[in-house]
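Undergrad: Supplied in structure tokens, the structure appears directly below.
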Amino acid sequence: MKPDQDLFGKTAFVTGGSGGLGKAISNALASRGAHVTIFSRRLGPLEAAKNEIVTNCADARRQEINAVPVDLADAGAVSEAFKSQTRIADFLYCSAGGNHAENGFFVDLKASQLDSCMKNNYYSTAYAAKAMLDIWLEDDKKSSSTDTQKEPKRHTTRKMVFINSAAAFLGIPGSVAYTPAKSAVRALADTLRFEFLRHNSAMTTYTVHIAFPADFVSPGFRLEQDTKPHLTKRIQGTNLASFEELENKFPSSEKVALGVIAKVDLGSFIICEDSLAAGCLFTNMTGLSPKRGLGIVDSVMGVVVGWIVMPVLRRRWERMCREDGERM
Ligand SMILES: NC(=O)c1ccc[n+]([C@@H]2O[C@H](COP(=O)([O-])OP(=O)(O)OC[C@H]3O[C@@H](n4cnc5c(N)ncnc54)[C@H](OP(=O)(O)O)[C@@H]3O)[C@@H](O)[C@H]2O)c1
């Protein structure tokens, strides 16, 4: 293992670590030597994921892999679950989420589905981030109060990574419970990026990162295909005859995980590694997020996307929605 890949001694918490992307991230971090703790609700998938992650460890005798059942939409339970771990995480990956149970047009959704989608995507992320930051800052406080007697602690970098969705850049018809929740996650990341600067010190650097994957193959993605309206499938290009065709067309969770982790290693805030389309959409929606690289490509692309791509896309979706309405 190259020294810059070595994560022995580091700890990662991964929410949604029993799902497609969360498990792939956990496997990749474990293969680099990290201790990994995964958090999600269902015991069966948690246990199966834990066993798989153990087999992917760089050296299982030196690594601890844990699986913790918790509903991340319950702030108190998340805080308890994080505090009860023996190690403090160096990295928090928030991958819990999805919307297979909340697909559909606004008119067809129940209010309870709007609620659960916000809980599973926004609150699961916000509560995990809050619980983690509280622990980190408490630890900083303790370390600085003991520093007077002992050698100063070595500098640490603590990273928080939000797995969001390209849906945050688009109001996709038929995904109306999901897109607002994912837009809220982006707003959280943008705001925390500023607020984290208040907590940086000679001892600790805090960073936040946000990934916007487009569709990729996972258990959640498979379930979604049965609940998405046909119009949504046409818009997303998921209206294929079989799941095998989808698997051939869209990237695997493992591929997306490696792309995300590589960008986190480099310190990127905005991560659109798996999808050129998501990367292009971001350029027209930068807001106060830093542009990628030197910002030159994002600035030029932003003009092209805003001037040509967005109006074409908007008119196409308007036409598809009108036609879909006429078929009702
Ligand atoms: N797959 C895609 O095409 C795609 C595209 C863009 C973005 N994303 C995003 O990427 C992330 C991972 O997606 P995926 O496709 O890998 O999903 P997945 O296979 O459905 O896995 C989702 C994970 O989140 C956990 N989870 C959901 N709600 C939770 C809650 N309230 N408390 C605790 N755990 C919860 C699930 O476990 P339990 O159900 O057992 O709790 C599971 O471990 C999600 O945030 C998703 O929105 C996915």
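Residue numbers (this note's numbering): -2 to 325.
Virtual Cβ for every residue (Gly too), placed ideally from N, Cα, C.
Give a yes or no on whether the C-beta atoms belonging to residue 280 and residue 299 are separated by under 8 angstroms.
TA: Counted from its first residue, the sequence shown places residue 280 at position 283. Counted from its first residue, the sequence shown places residue 299 at position 302. Going by C-beta atoms, residue 280 is nearer than 8 angstroms to residue 299.
Undergrad: How is residue 231 classed by DSSP in three states: helix, strand or coil?
TA: As a first step, residue 231 is located in the sequence shown; it is residue number 234 there, counting from the start. Reduced to three states, the DSSP call for residue 231 is helix.
Undergrad: Going straight from the alpha carbon of residue 125 to that of residue 72, what length do you get?
TA: On the sequence shown, residue 125 is found 128 positions in, with the first residue counted as 1. On the sequence shown, residue 72 is found 75 positions in, with the first residue counted as 1. Each residue's Cα considered, the two are about 8 angstroms apart.
Undergrad: If we ignore side chains and look at the alpha-carbon of each, how far apart do residue 265 and residue 206 end up?
TA: Counted from its first residue, the sequence shown places residue 265 at position 268. Counted from its first residue, the sequence shown places residue 206 at position 209. Distance between the alpha carbons of residue 265 and residue 206: 7 angstroms.
Undergrad: If distances are taken between C-alpha atoms only, which option among 41, 96, 169, 18 comes closest to residue 311?
TA: Here residue 311 is taken as the residue at index 314 of the sequence shown, counted from 1. If we check each option's Cα against that of residue 311, 169 comes out closest.
Undergrad: Output the residues surrounding ligand 1, defined as those with a CB atom closer than 5 angstroms to any ligand heavy atom, in chain order.
TA: My final list is 13, 15, 16, 17, 18, 37, 38, 39, 68, 69, 70, 92, 93, 94, 95, 117, 121, 160, 162, 210, 212, 213, 215, 216, 217, 218.
Undergrad: Quick one: using the 10 Å Cβ neighbour count with 16 as the cut-off for buried, is residue 223 buried or exposed?
TA: Against the sequence shown, residue 223 aligns to sequence position 226. Exposed, by the Cβ-count rule.
Undergrad: Comparing the CB of residue 174 with every heavy atom of ligand 2, is any distance shorter than 7 angstroms?
TA: Among the ligands in the structure shown, ligand 2 does not appear; only ligand 1 can be found there.
Undergrad: Count Cβ pairs between the stretch 62 to 76 and the stretch 42 to 51 that sit closer than 8 angstroms; are there 3 or more?
TA: Touching, yes.
Undergrad: Helix, strand or coil for residue 281? Go by DSSP, reduced to three states.
TA: By one-based count along the sequence shown, residue 281 stands at place 284. Residue 281: coil per DSSP, three-state reduction.
Undergrad: Is it the case that the stretch 49 to 59 contacts the stretch 95 to 112, given that we only count it when at least three CB pairs across the two stretches are under 8 angstroms?
TA: Too few Cβ pairs lie closer than 8 angstroms, so no.
Undergrad: Could you tell me the alpha carbon to alpha carbon distance between residue 171 and residue 225, rounded to whole angstroms?
TA: Counting from 1 along the sequence shown, the entry for residue 171 is found at position 174. Counting from 1 along the sequence shown, the entry for residue 225 is found at position 228. Near 7 angstroms, if we compare the C-alpha coordinates of residue 225 and residue 171.
Undergrad: Could you please give the first and the last residue of the uninterrupted beta strand (DSSP E) stretch that includes residue 156?
TA: In the sequence shown, the residue the question calls residue 156 occupies position 159. Run containing residue 156: 153 to 160, per the beta strand (DSSP E) assignment.
Undergrad: Residue 301: buried (16+ other C-beta within 10 angstroms of its C-beta) or exposed?
TA: As a working note, residue 301 is residue 304 in the sequence shown. It counts as exposed.
Undergrad: Leaving out the 5 sequence neighbours to the left and right, which residues in its chain are closer than 7 angstroms to residue 132 when beta-carbon positions are compared?
TA: Taking the sequence shown and counting its residues from 1, the one referred to as residue 132 is at position 135. Once the five neighbours on either side are set aside, the close Cβ partners of residue 132 are 79, 80, 85.
Undergrad: Three or more beta-carbon pairs under 8 angstroms between the stretch 193 to 209 and the stretch 238 to 245, yes or no?
TA: The stretch 193 to 209 vs the stretch 238 to 245: no contact.
Undergrad: Tell me the residue span of the beta strand (DSSP E) that contains residue 53.
TA: Residue 53 sits at position 56 when you count from the first residue of the sequence shown. Segment: none, residue 53 is in no beta strand (DSSP E) and carries neither H nor E.
Undergrad: Is residue 152 buried or exposed, if buried means 16 or more other CB atoms sit within 10 Å of its CB?
TA: Taking the first residue of the sequence shown as position 1, residue 152 is located at position 155. That one is exposed.
Undergrad: List the residues that DSSP assigns as beta-bridge partners of residue 91.
TA: The residue given as residue 91 occupies position 94 in the sequence shown. Per DSSP, 12, 159.
Undergrad: For residue 32, does the count of other Cβ atoms within 10 angstroms reach 16, so buried, or fall short, so exposed?
TA: The count along the sequence shown starts at 1 and reaches residue 32 at position 35. Under this definition residue 32 is a buried residue.
Undergrad: Pair every Cβ in the stretch 230 to 238 with every Cβ in the stretch 174 to 190, then say whether three or more of these pairs are closer than 8 angstroms.
TA: As far as the Cβ criterion goes, the stretch 230 to 238 does not touch the stretch 174 to 190, which means the pair count is below three.
Undergrad: Should residue 197 be labelled buried (16 or more other beta-carbon atoms within 10 Å of its own) or exposed?
TA: Sequence index remark: in the sequence shown, residue 197 carries index 200 (1-based). With fewer than 16 Cβ atoms within 10 Å of its Cβ, residue 197 is classed as exposed.
Undergrad: Return the chain-ordered ranges of every alpha helix (DSSP H) run that is complete within the stretch 91 to 142 and spans a minimum of 4 residues.
TA: DSSP runs (the alpha helix (DSSP H)) wholly in the stretch 91 to 142: 108 to 115.
Undergrad: Hey, how far is the Cα of residue 276 from the Cα of residue 269?
TA: Taking the first residue of the sequence shown as 1, we reach residue 276 at position 279. Taking the first residue of the sequence shown as 1, we reach residue 269 at position 272. Their Cα atoms are separated by approximately 5 angstroms.
Undergrad: Residue 49 to residue 267, Cα distance in whole Å?
TA: As a working note, residue 49 is residue 52 in the sequence shown. As a working note, residue 267 is residue 270 in the sequence shown. Their backbone Cα atoms lie some 29 angstroms apart in a straight line.
Undergrad: On the premise that residue 173 lies in contact with residue 128, defined as a C-beta separation below 8 angstroms, what is that separation, rounded to the nearest angstrom?
TA: Walking along the sequence shown from the start, residue 128 turns up at place 131. Walking along the sequence shown from the start, residue 173 turns up at place 176. With a Cβ gap of about 29 angstroms, residue 128 and residue 173 do not count as contacting.
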